[in-house]
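Down below is the structure, laid out as C-alpha cells.
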Amino acid sequence: MNRRHALLALALTLGTATAARAADANTVYLQTKDGRITIELRPDLAPKHVKQIKTLVSQGFYNGLKFHRVIDGFMAQTGDPKGNGTGGSSLPNIPAEFSQSAQFRRGTVGMARSSDPNSANSQFFICLADAPNLNGQYTIVGNVTDGLDVLDKIKKAAPGAPGGAVQDPDKIVSMTLAEKGK
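Numbering (mature numbering (1 follows the signal peptide of the UniProt record, and there is no 0)), first residue to last: -22 to -1, 1 to 160.
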C-alpha cells in the first residue's frame, strides 16, 4: 500500500510540474511603474496571435511603449510604437481568431485592430470591466491572472478625450516571458 501511495504522489508531483512548465511558457509579466500585471496567454483560443505576442515580447518590442488609449470603465490599450494608435511591428498582420465561447470580461486581453478584422499586429488591450459588446468581434489572447489592482492604477484619459487618448500616459516598463525570467 505504501508503494502505491508513493507512486501516486510521484505521479501527482510530475503532473503538477508539467502543468507549471506549460503555464510558464504562456505567462507574461507586464511591469508598470505601479507594479506587475501577470497575463496568462491562451494559445488554445488564438495560437497565431499568441505566437506573435511571444515573439514581440522576446524581442523587447513592448518595453517602454505607452498606454496610449485608456477609457475608464472600458479598457487600457498599448502596443503601438508610434504611441497614437496607428503603429505596429514589422511582423505581418494576423488573421482574426475569434472565439465563440470565450467572453470579454474584466482582465481579458484582446488584440486591437483597425476596421479590418484581419489587421491585428502588435497592439492589445486589457478590459477594465466586462465588455460583452466585443465578444466575437475581437481576438482574445489571454487573461490577467494577477495584478488587476495595478491595472486599475494605469492613467486614464480625461473624460471626453478624443478616442480615449491619454495625456502624458503611463508606459510599459518591461514585458517578459515567465519562462525566460526565472
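Note that CB positions come from ideal geometry on N, CA and C, so glycine has one too.
Note to self: According to DSSP, simplified to helix, strand and coil, what is Q9?
What the structure shows: Within the sequence shown, residue 9 is the residue found at index 31, counting from 1. In the structure shown, Q9 sits in a strand (DSSP, three-state: E or B).
Check: Ends of the beta strand (DSSP E) at V122?
Finding: Here the question's residue 122 lines up with position 144 in the sequence shown. Note, V122: beta strand (DSSP E), 118 to 124.
Notebook entry, point to check: K131: buried (16+ other C-beta within 10 angstroms of its C-beta) or exposed?
Noted result: Along the sequence shown, read from residue 1 onward, the residue named residue 131 stands at position 153. K131 should be labelled exposed.
Notebook entry, point to check: Looking only at DSSP bridge pairs, what is L155 linked to?
Noted result: Mapped onto the sequence shown, residue 155 falls at position 177. Its beta-bridge partners are V6.
Next item on the list: Pull up the distance between the alpha-carbon of I15 and that of A24, whole angstroms please.
Entry: Taking the sequence shown and counting its residues from 1, the one referred to as residue 15 is at position 37. Taking the sequence shown and counting its residues from 1, the one referred to as residue 24 is at position 46. One C-alpha to the other measures close to 20 Å.
Check: When the Cα atoms are used, what is the spatial distance from S152 to H27?
Finding: Sequence index remark: in the sequence shown, residue 152 carries index 174 (1-based). Sequence index remark: in the sequence shown, residue 27 carries index 49 (1-based). Taking the straight line joining both Cα atoms gives about 20 Å.
Notebook entry, point to check: For the alpha helix (DSSP H) that T33 lies in, which residues bound it at each end?
Noted result: As a first step, residue 33 is located in the sequence shown; it is residue number 55 there, counting from the start. Note, T33: alpha helix (DSSP H), 25 to 36.
Check: Can at least three beta-carbon pairs, one atom from the stretch 29 to 41 and one from the stretch 105 to 117, be found at a separation below 8 Å?
Finding: Because the criterion of three Cβ pairs below 8 Å is not met, the stretch 29 to 41 and the stretch 105 to 117 do not touch.
Item checked: Helix, strand or coil at L69 according to DSSP, with G and I counted as helix -> Taking the first residue of the sequence shown as position 1, residue 69 is located at position 91. Three-state result, L69: coil.
Notebook entry, point to check: So the beta strand (DSSP E) V144 belongs to, where does it begin and stop?
Noted result: Within the sequence shown, residue 144 is the residue found at index 166, counting from 1. Looking at the DSSP string, V144 is not in any beta strand (DSSP E), and its letter there is neither H nor E.
Notebook entry, point to check: So, helix, strand or coil for L19, using DSSP?
Noted result: Here residue 19 corresponds to residue number 41 of the sequence shown, with the count starting at 1. Looking at L19 - three-state DSSP - the assignment turns out to be strand.
Check: For P59, which residues of its own chain have a beta-carbon under 6 Å away from its beta-carbon, when the five flanking residues on both sides are left out?
Finding: By 1-based counting over the sequence shown, the position of residue 59 is 81. Excluding sequence neighbours, P59 sits near G65.
Notebook entry, point to check: Where does the unbroken beta strand (DSSP E) through I104 begin, and where does it stop?
Noted result: Counting from 1 along the sequence shown, the entry for residue 104 is found at position 126. Per DSSP, I104 belongs to the beta strand (DSSP E) from 102 to 105.
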